[in-house]
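Visitor: Sharing a structure below in structure tokens format, with a few things to ask.
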Amino acid sequence: MRRLYVFLLAASSFLWASVETNAQDTVLNGNFQAVPFERFVETLEARTPFRFYFDTKNTDSLFVTANLQNVTLSAALDQVLAGTDLHYAIDPDNNVYITQAREIMVGLPDDFYNTGQQSTRKAYEFDYTEYEKREKKRKAVEGRLYTIGPKTNSLQGKATLAGFVKSATNGEPVIGASVFIENPLIGVPTDAFGFFSIVLPKGKHELKVKSIGMKSTARQIMLYGDGKLDIDLEDDVLPLKEVIVESDREVKVTSLQMGLERLDIKTMRQMPLALGETDIMKVIMTLPGVQTVGEGTVGLNVRGGAANQNLILFNDATIYNPSHLFGFFSTFNPDVLKGVELYKSGITADFGGRLSSVLDVRGREGNLKKITASGGVSPITGRLTVEGPIIKDKTSFLVGVRSTYSDWILKQLDSKQLRNSTASFYDINLNLNHKFSDKDHLYAAAYISHDEFKLGSDTTYNYSDRNATLKWKHVFNNKFYGIVTTGFSRYDYSIGSTRTPLDAFKLDFSIGQINAKADFSYFANSQHTFHAGISTINYQLSQGNLQPAGSQSLIQPDVIEKEQGQESAVYIGDNFEVSSKISLYAGVRFSMFQYLGPKNVYAYQGGESKEASSIIDTVHYGTGKPIATYSGAEPRFSIRYSLPRSSSVKFSYNRMRQYIQVLSNTTTIAPTDLWKLSDSYIKPQVGDQFSIGYYKTWRGSVFEFSAEAYYKTIENAVDFKNAAVVLMNHHVETDIVNANGKAYGIEFLIKKSVGKFNGWMSYTYSRSLLQTNNAFSSEIVNNGAYYPSSYDKPTAFNLVTNYKFNRRFNISINMTYSTGRPITLPLAKYELQGSSRVYYSERNAYRIPDYFRTDFSINMEGNHKVKKFAHSSWTFAIYNLTGRQNAYSIFFKSENGQINGYKLSIFGRPIPTITYNFRF
Amino acid sequence: MTWNTKILPWCLIFSVTGCLEPYQSPDAKTDLAALVVDGFVNTANASATVKLSRSQPLNATGEPKPETKAIVTLEELGTSVTIILPETTAGLYSKQSLVVKSGSQYRLHIRTASLPNVTARNYYSDFRQFSSSPAIDSVTWEAKEDGVQIYVATHGLVNTTGYYLWTFDETWEYHTFYNATHRIADGNVITLTKEEDIPNKCWSTELSRKILAGNTRSLSQNVITQFPITFIPKASLRLNYIYSILVKQQVIDEKTFNFWEQLQKTTESIGGLFDPLPYQVSSNIYNATNPSEVVLGFFDGGSLTTERLYIKLSELPDDFRVDKSASCPLLPLAGDLSSLNNTYLVAGFVPPPVCIVCTVQGGTRTKPSFWPF
């Protein structure tokens, strides 16, 4: 052993180091008096082969005072670092790492090879942070090999793996997550319960799971036979990272479904808002193929369909009026929502009853792990949602309440008209879910929304939507599960006036439905998945009950006879993976509708237009007697063909039948709309849609492009004779004309879903036309030629952009342009009875000015500490940044003998709002 | 005041009241000059009036062009009786002392003049039976916070449904704030002594322009109580001294009611969020050879019953009396008298003309013959 003594004189220290060929055996000698750690290290590095690595931030307050006598470096550092939270590690190359809180492992753990050799130095034990613990656990589960099915030697054939994908944070199911293997590429999405069932070749696979706003994960599986595997996904703790729909980027290209738009609540929260509230309906209106007749209305016109041709489901219950406060808000409280899916085409056989689209809104189920609350305050509304477990990991609840203080605000205003106005609304959501076992799950949801307003006039409007559903899911086995759903929806609305006691009245309407259905899914093999089910809906409608209000009123009670009907359907559909390139869906729904007694039905003189004067008889039908019966098959078909370079083409056809419609001679969904069942005179509407599309992603799915074209025909659409009377009409069939409709269009969408800058841009060209082809002149509109429907808006352009400066701060700018909707314009004026009158054009011969709007918003999140009492965010938004006075309507009035045209804009100026959101 | 409370009303005002601004339709047709018929046979005084004109572009100014030199006749159903209505003034065809039989049906026949480049056209109305109106029960008024509301009440035969159409003429007497004492004429100050020389009392008359149609369809009895006829705002000149309204009532049938109601809906009450769409209102007059030609207006007849109401300022609450002393300052007489010809003075001072000469506000100094005060 060769020794070398080194003498060192420093300001207040000295050191000897004896260096041997093996540096680990170097011994040190020296005396240090309050030497900065950095100097101490310099001294050592100058005299020994050791090289130190450390962060001066961690050591700048450390001063070394030590008298070292023939000690090894390890012993010296043990002494020097004692009492601090610094650790050291020395690797075989004489590198020394000084770290805070934990040490670096520079070699394999002690006795890794079970040789029995133990090092003398004990491994340091330290606390992992929460994050590291989770990461460690995640790595552990991801690294672990899960054995599925009984071990066998034969790995021939295929097996089915099923299970649930849930959020690790709150135990809620993750909908629409992709569960897939890459080689060969086989994947399935999770359904509304987070359930998946995938058929894979037996053997070893890496099963990957991806979902929006969640961390991707993977499981190593060894598949011997059919089995179960539940997967928990971590929330992505930095919500701003995933700002825009990331919705399985490849899904648009690889999935069979076309015409589907899926949005989750995180995406929607980023959009600029009109009145400080996230509104799913407003977000949906930025998607291609979706139009509205005007702002301040919630009615959607999907691909040239009327607003009542959309089936709006909220937790499987039908919503009849999704608007609050004249339509400025939608009735869906953003805090209780999970996401929404809009089917524009390729609608599968499990949905039916409306022609244009299905809007499937899903509420959350409540946190299964702990009690949390969230809410927000905006200029007009306040909302609070509380959720949590009743029995941890088994039963959870969620209660959401939202209300407005607009009544109070109206009272503060200067205008007398507004002071005399009232407007209030609320909505309440209650969701419960209970897991009996892995095989049985019960869900219950209840919902109430109520509106009441009086707008400077003497007429009061009231309406409320109430519904409840109970849903039981049973998993028979890996390949087969079933869901039984039952529930009711009720929509009540009324108009009242008490201006003069003699004319005081109240006019009530209601629509009630009780429905039950059973749906089954059978994952037969890797190629076929079957869905089948039955459903029935019983409708009870009251189309007007006029009653006097107060004893003085001379109003004669008048009740439109109630009507009732039964709509039933059975369906079956098969998803067939023909090959890796081709997959198709074929399904058929057979629906039947019966218009039922008790009811008195008018008979009309044959060969004449139906008028009150042509009634010749009244036929009475007893309770439950079918008055009219309609039935028909509704075929549904989709096919996808994959092309090279991440692209595909799809085609779909679907036929829909609709047995309930809105009669309204206004363009919007108004609280006075009349719902009407198909009857002996009003035939069910039948719609056929052909749709073809091309889809492509590139740059690793950063960009996505789609183009879809469609052609639609509608039989038995409802339009009105001129000056039709809808309210309190005992024979409304006399005011209706039968029309046939056609709609066609092409939609382009380009989307960038990741990166600091993201968003989408869509362009749509579409037409929606109606034609009356009846025998009687009073039933012919515009001489029987095709005329634009009230929601025919050919050109639409939307731009949604979002830029993240950092994870706490982002801005977004949206632009919307569309052609103005058609109107009937005055053509000439004339004098009659001393006053000027107006002669109008043919129906819908002109258009209101084009619509253009730009919105802007800034989101500011609080800090992103995971463990924090409350998370909060501020949103500052400006709606209609340019202040363009978009026309809501154009109308002309005869005032003092002059004819004056007016343009009414609702949001005619930039509207700033500020919203505070919280969650704890 | 916090930021929130500042922006709250803003948002709400914009969202609820919206903004109205004038709108010119960009390309409405301007060449549609349809025949407009405004015809009525009043069986109460056995007169018939038919006004013929042409429709105008919306932005046209001036009176509509009268349709002259037409031949207008009343034709009785089932007989060859025709009554010619001669053109009394341009476009106005009328006749007094008509002989119309109750129970008979009549139609209007119009033959337009044959012009060098337009051939004569024949137009007919539907046949109409003229019904008589019950008496008006009452015309009443009610003082409200910001004006006076006028109502009409009537009743028809028991167990029938009544359809009514009302029109009204308003006349009001108003006084100037000052009674003139002197007038300047030809550079001289003349003392006014005779009442007819003092321009302090005027009367104005206006005819109703609104369509007022009511029915008892939803009532158990054929009774109309408190049908609102018109509302007079508090500051209106109508309430300056004595106000009078003549309400005329006509009983109509359901079809006629629908016509007026539709016309009212399309031209008077459109624009609310929930109002129905406008549409073409069909006339009961058509071209005999070309039924698709646009013809506007309506022909009807019946007996009119009337009722007159007077409201004196003294009957109204005290707050209806407007103090105009601030807007009527007395300025000293200054300048050359010859340039002040026809100026009225009160005790040597010059008030603004509106405060001393009633005709400035459009009325006439001739008392209407029916005026009882």
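Residue numbers (this note's numbering), protein chains in the order written: chain A, 1 to 920; chain B, 1001 to 1373.
Glycine included, C-beta positions come from ideal geometry on N, C-alpha and C.
1. For chain A, check one thing: does any of its Cβ atoms lie closer than 7 Å to the Cβ of residue 1280 (chain B)?
2. In three-state terms, what does DSSP make of residue 815 (chain A)?
3. Hey, how far is the Cα of residue 215 (chain A) from the Cα of residue 845 (chain A)?
4. Thinking C-alpha only, which one of A:269, A:256 and A:706 is nearest residue 348 (chain A)?
5. Quick check on DSSP: helix, strand or coil for residue 1059 (chain B)?
6. Using CA atoms only, rank isn't needed, just tell me which of A:688, A:584 and A:100 is closest to residue 305 (chain A).
7. Once the 5 residues before and after residue 344 (chain A) are set aside, which same chain residues still bring their CB inside 6 Å of it?
8. Taking all protein chains shown into account, decide if residue 1172 (chain B) is buried (16 or more other Cβ within 10 angstroms of its Cβ) or exposed.
9. Does DSSP put residue 603 (chain A) in a helix, a strand or coil?
10. Could you please give the first and the last residue of the uninterrupted beta strand (DSSP E) stretch that includes residue 563 (chain A)?
11. So residue 1300 (chain B) contacts chain A; which residues on that side make the cut at Cβ distance below 8 Å?
12. Alpha carbon to alpha carbon, how far is residue 848 (chain A) from residue 889 (chain A)? Give it in angstroms, no decimals.
13. Could you tell me which chain A residues have their CB closer than 9 Å to the CB of residue 1225 (chain B), listed as they occur along the chain?
14. Any heavy atom of the ligand SAH within a distance shorter than 6 Å of the CB on residue 1173 (chain B)?
15. Should residue 277 (chain A) and residue 342 (chain A) be called a contact, given that it needs their Cβ atoms to be closer than 7 Å?
16. By DSSP, does residue 1319 (chain B) sit in helix, in strand, or in coil?
17. Between residue 1319 (chain B) and chain A, is the shortest Cβ-Cβ distance under 7 Å, so that the two count as touching?
18. Give the residues of chain B in contact with residue 432 (chain A), contact being defined as C-beta atoms less than 8 Å apart.
19. What residues are listed by DSSP as bridge partners for residue 926 (chain A)?
20. Rounded to whole angstroms, what is the Cα-Cα separation between residue 749 (chain A) and residue 762 (chain A)?
21. So, using beta-carbon positions, are residue 1113 (chain B) and residue 1069 (chain B) closer together than 7 Å?
22. Taking residue 715 (chain A) as the reference, which of A:484, A:691 and A:685 has the closest Cα?
23. Where do the ends of the beta strand (DSSP E) carrying residue 161 (chain A) lie?
24. Tell me, which residues are paired with residue 281 (chain A) by DSSP?
25. Who are the neighbours of residue 901 (chain A) on chain B, taking C-beta pairs under 7 Å?
26. Quick check for students: name the residue ranges of the beta strand (DSSP E) that lie wholly in the region 31-111 of chain A, counting only runs of 3 or more.
27. Rounded to whole angstroms, what's the CA-CA distance from residue 842 (chain A) to residue 1299 (chain B)? Just pull it up for me.
28. Closer than 8 Å, Cβ to any Cβ of chain A: which residues of the region 1332-1346 of chain B, in chain order?
29. How many Å lie between residue 1314 (chain B) and residue 1306 (chain B) at the Cα?
30. Looking at the structure shown, is residue 304 (chain A) part of a helix, part of a strand, or coil, going by DSSP?
31. Within 7 Å of any Cβ in chain B, is that where the Cβ of residue 835 (chain A) sits?
32. Spell out whether any CB of chain A is found under 7 Å from the CB atom of residue 1052 (chain B).
33. Where does residue 1295 (chain B) sit, in a helix, a strand or coil, going by DSSP?
34. Whose Cβ in chain B lies nearer than 9 Å to the Cβ of residue 602 (chain A)?
35. Are the beta-carbon atoms of residue 774 (chain A) and residue 802 (chain A) separated by less than 7 Å?
36. Name the one or two DSSP bridge partners that residue 890 (chain A) has.
Guide: Put simply:
1. yes
2. strand
3. 54 Å
4. A:256
5. coil
6. A:688
7. 259, 289, 302, 303 and 357
8. buried
9. strand
10. 563-577
11. By Cβ distance, chain A contributes nothing, its closest Cβ being about 11 Å from residue 1300 (chain B), past 8 Å.
12. 7 Å
13. 500, 502, 503 and 554
14. Inclusion of the ligand SAH in the displayed structure is not the case, the ligand content being empty and no account of it being possible.
15. no
16. helix
17. no
18. Result: empty, since nearest Cβ-Cβ is about 35 Å, beyond 8 Å.
19. Residue 926 (chain A) lies beyond the range of chain A shown here (1 to 920); nothing can be said about it.
20. 4 Å
21. yes
22. A:685
23. 158-167
24. In the DSSP output, where bridge partners are listed per residue, residue 281 (chain A) has none listed.
25. 1022, 1023, 1024 and 1025
26. 51-53, 63-72, 86-90 and 95-100
27. 24 Å
28. none
29. 25 Å
30. coil
31. yes
32. no
33. strand
34. Chain B residues near residue 602 (chain A): none, gap ~18 Å exceeds 9 Å.
35. no
36. A:903
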